[in-house]
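Residue numbers for the sequence shown follow full-length UniProt numbering, beginning at 1 and rising by one. Data first, discussion second: the structure below is written as structure tokens.
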Amino acid sequence: MRYKLLQEGDIQVCVIRHPRTFLSKILTSKFLRRKHFFPFSFVFLQPTGYMENSISYSAIEDVQLLSWENAPKYCLQLTIPGGTVLLQAANSYLRDQWFHSLQWKKKIYKYKKVLSNPSRWEVVLKEIRTLVDMALTSPLQDDSIHQAPLEIVSKLLSENNNLTTQDHESIIVAIAPLLENNHPPPDLCEFFCKHCRERPRSMVVIEVFTPVVQRILKHNMDFGKCPRLRLFTQEYILSLNELNAGMEVVKKFIHSMHGPTGQCPHPRVLPNLVAVCLAAIYSCYEEFINSRDNSPSLKEIRNGCQQQCDRKPNLPLRLLHTSPDLVSQEATLTESRLKPVIVTSNEIHVEVERNNTANQKMTASVGNDSEPNLIDCLMVSPTCSTMSIELSAQADRILGCYVEILKMLSDYDDWRPALASLLQPIPFPKEALAHEKFTKELKYVIQRFAEDPRQEVHSCLLSVRAGKDGWFQLYSPGGVACDDDGELFASMVHILMGSCYKTKKFLLSLAENKLGPCMLLALRGNQTMVEILCLMLEYNIIDNNDTQLQIISTLESTDVGKRMYEQLCERQRELKELQRKGGPTRLTLPSKSTDADLARLLSSGSFGNLENLSLAFTNVTSACAEHLIKLPSLKQLNLWSTQFGDAGLRLLSEHLTMLQVLNLCETPVTDAGLLALSSMKSLCSLNMNSTKLSADTYEDLKAKLPNLKEVDVRYTEAW
């Protein structure tokens with residue numbers, strides 16, 4: 001039978017005068033004087049009256065179940081110097097619980113005393129094994145049953161630093177059974193880290209530490225509260241990388257954490273692995289991070305890095321190794337060219353090339369109010385044109401190992417959405433983003449995000465909030481991480497355009513910031529960029545006539561561009577015919593009509609006067625939105641009981657801003673699409689009956705739609 005370890009105040013005390021005499025008196029708590037370090041307080045009676053003295057565990061000579069003839073039921077007998085204490089419980093279970101708890105406390109006190117002053121390590125090791133066996137066989141169920149022996153051993157190791165490697169391994173093997181269901185204490189984690197660093201090829205690492213680390217990754221909830229657990233996990237993975245098979249062993253370990261199925265059964269594994277990777281990567285650049293001066297925030301990383309800012313960061317020489325030669329070189333920036341300078345900070349070397357071109361760029365940018373970009377942030381001097389970071393051999397191995405782990409994590413389909421979300425805020429130091437090797441290796445992970453068709457994955461390529469750059473900006477042409485001719489950029493644009501609900505806004509952003517790279521890639525025959533340029537012309541994104549002519553010339557320079565531009569011209573002629581004044585003002589499609597039927601109907605004549613369109617009880621979907629947005633006079637739209645979803649709703653909200661009446665009753669729209677309606681300021685009637693509308697979204701729409709007068713939210717959460 002299993003018992004719970006007793007806590008303070010759980011025992012009612014029965015007081016006696018003689019070992020074989022039982023007094024039926026239960027003392028109330030006011031007689032008890034509790035000490036914070038004693039879970040129990042016992043009161044015993046002498047001829048002169050009551051005495052309130054706590055009994056220490058060291059004073060308990062023996063604990064026995066009361067067994068003499070006609071003895072009171074459910075009693076324990078405690079033998080102490082000068083007397084005996086009887087404890088009576090309400091039942092046999094409670095009596096046994098007290099008995100095992102007191103025995104446990106008494107033995108733990110004994111082992112603390114024995115192991116606090118070790119003399120012969122053979123005896124100490126034997127006592128540790130006995131202690132572990134006692135914890136494993138105890139009928140008590142409590143976290144402290146296993147944690148107390150671990151803390152005793154942890155204290156023993158921290159106070160004795162002269163142990164041999166063999167002693168270390170013997171102790172680790174002895175306490176291994178306790179680690180199967182318990183996290184090691186902080187001091188013990190420090191001891192394990194030391195062993196991983198000093199003996200990475202030891203069999204103890206594989207046989208004993210592996211299940212411990214697996215348990216940490218599966219069950220740990222917050223490394224912030226237990227940083228040494230994270231450090232131990234980090235050192236363990238590095239020790240695996242030191243084996244002959246290297247990353248193959250690490251890969252097998254990651255696979256064992258994921259499991260053989262397509263879905264990892266442990267939700268904490270991925271966040272914990274990512275936390276370990278981020279901390280390890282940060283440690284590679286930590287010394288350089290600590291030595292930087294006037295450090296800007298990551299917000300200052302601007303895409304393109306094509307313009308220099310007028311901000312001139314001070315040369316952080318006092319935080320590195322101050323050199324008169326460097327100071328003199330800083331004072332002679334007007335010279336035509338200076339020799340490359342190596343600035344060394346222990347294990348980190350920053351090579352800076354200064355030349356006249358950089359001086360001219362900086363001079364030309366005086367008075368510019370643009371924000372400083374990443375290159376400006378990391379320059380040792382404002383006149384630096386290139387910057388490379390060289391890590392030590394050890395830091396380089398750590399970086400390579402943990403970036404490779406991020407690659408492995410991105411290969412699992414079920415982990416990729418959560419991984420993309422965790423990496424979306426770019427949780428890496430600026431020094432890492434300026435390090436060519438790091439960004440080149442991490443490119444594989446970003447490529448995996450760009451290839452994933454799920455919106456929750458590839459949408460994480462964009463910035464986490466407005467005014468902050470994302471991976472899309474960093475890996476686009478001119479970005480600090482871009483090392484190709486725009487292949488990754490084209491891949492990201494292609495996947496984002498397929499699902500981005502802010503299509504027009506996205507095109508505006510590309511036209512303002514990346515029009516040059518788009519035109520260059522289109523000139524080289526990239527089909528995605530050709531489509532982008534055609535959409536810019538179709539949506540009238542470009543206002544400048546010269547730029548429009550340049551785009552047209554670019555499109556006509558390739559076969560694919562010429563073909564798509566001709567199709568665009570044909571669509572524009574059809575659009576003019578569609579929007580020409582005339583045709584009906586009201587139109588209702590028959591039930592069971594499809595998207596193709598609607599497209600065929602709208603291409604048959606002019607609908608410039610169409611104000612009221614009913615698609616109720618048809619089979620249209622979000623795909624018909626691209627036809628609906630071409631109706632210039634549309635004011636009322638009925639989509640009752642259709643399959644029109646969030647994607648179509650987002651497109652309507654961007655183009656049909658003059659819509660006044662919208663019926664979405666019994667459609668599959670959710671909060672994700674309904675929130676986009678906040679931009680349709682002309683809406684005065686909105687039916688969201690039987691949709692997945694939430695109360696918060698409803699309140700948000702009411703606040704942002706001032707003209708909204710008629711609303712139907714029956715059979716929704718907001719009802």
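By construction, the Cβ of each residue, glycine as well, lies at the ideal position given by its N, Cα and C atoms.
So what's residue i in DSSP terms, helix, strand or just coil?
i, result
"residue 488", "helix"
"residue 234", "helix"
"residue 710", "strand"
"residue 724", "This structure gives no information on residue 724, because the portion of the chain shown stretches from 1 to 719."
"residue 423", "helix"
"residue 128", "helix"
"residue 69", "coil"
"residue 587", "strand"
"residue 263", "coil"
"residue 140", "strand"
"residue 178", "helix"
"residue 381", "At residue 381 the pLDDT is 32, less than 50, meaning the model places this residue with poor confidence; the figure from the coordinates comes in the next sentence. Coil."
"residue 290", "helix"
"residue 390", "strand"
"residue 116", "helix"
"residue 621", "strand"
"residue 609", "coil"
"residue 685", "strand"
"residue 402", "helix"
"residue 467", "coil"
"residue 703", "helix"
"residue 222", "coil"
"residue 189", "helix"
"residue 275", "helix"
"residue 448", "helix"
"residue 499", "coil"
Can the beta-carbon of residue i be found closer than 8 angstroms to that of residue j?
i, j, result
"residue 551", "residue 564", "no"
"residue 245", "residue 178", "no"
"residue 212", "residue 239", "no"
"residue 768", "residue 281", "This structure gives no information on residue 768, because the portion of the chain shown stretches from 1 to 719."
"residue 663", "residue 681", "no"
"residue 510", "residue 518", "yes"
"residue 555", "residue 534", "yes"
"residue 250", "residue 152", "no"
"residue 389", "residue 434", "yes"
"residue 637", "residue 613", "yes"
"residue 253", "residue 193", "no"
Under 8 angstroms by Cβ, that's how I've got residue i and residue j pegged, so tell me the actual separation to the nearest angstrom.
i, j, result
"residue 223", "residue 229", "6 angstroms"
"residue 446", "residue 488", "7 angstroms"
"residue 128", "residue 175", "7 angstroms"
"residue 615", "residue 642", "6 angstroms"
"residue 464", "residue 527", "That belief does not hold up - the Cβ atoms of residue 464 and residue 527 are roughly 30 angstroms apart, past 8 angstroms."
"residue 610", "residue 583", "6 angstroms"
"residue 598", "residue 629", "Rounded, the Cβ-Cβ distance is 13 angstroms, inconsistent with contact."
"residue 182", "residue 147", "6 angstroms"
"residue 490", "residue 529", "6 angstroms"
"residue 523", "residue 557", "6 angstroms"
"residue 678", "residue 649", "Wrong, their Cβ atoms sit about 12 angstroms apart, outside the cutoff."
"residue 154", "residue 188", "4 angstroms"
"residue 499", "residue 460", "Rounded, the Cβ-Cβ distance is 12 angstroms, inconsistent with contact."
"residue 685", "residue 710", "4 angstroms"
May I ask you to list the residues that DSSP assigns as paired with residue i?
i, result
"residue 638", "614, 663"
"residue 692", "670"
"residue 63", "78"
"residue 643", "621"
"residue 88", "75"
Checklist entry - Hey, is the segment 650-661 in contact with the segment 621-635, meaning 3+ C-beta pairs nearer than 8 angstroms? => result yes
Next on the checklist: Under 8 angstroms: do the segment 412-420 and the segment 449-459 share three or more Cβ pairs, one atom per stretch?
Outcome noted: yes
Checklist entry - Would you call the segment 108-120 and the segment 84-98 touching, i.e. three or more CB-CB distances under 8 angstroms? => result no
Next on the checklist: Below 8 angstroms, how does it come out for the segment 558-573 and the segment 606-616: are there three or more Cβ pairs, yes or no?
Outcome noted: no
Checklist entry - Can at least three beta-carbon pairs, one atom from the segment 55-69 and one from the segment 103-111, be found at a separation below 8 angstroms? => result yes
Next on the checklist: If contact is defined by three or more beta carbon pairs under 8 angstroms, each pair taking one atom from either stretch, is the segment 663-673 in contact with the segment 690-704?
Outcome noted: yes
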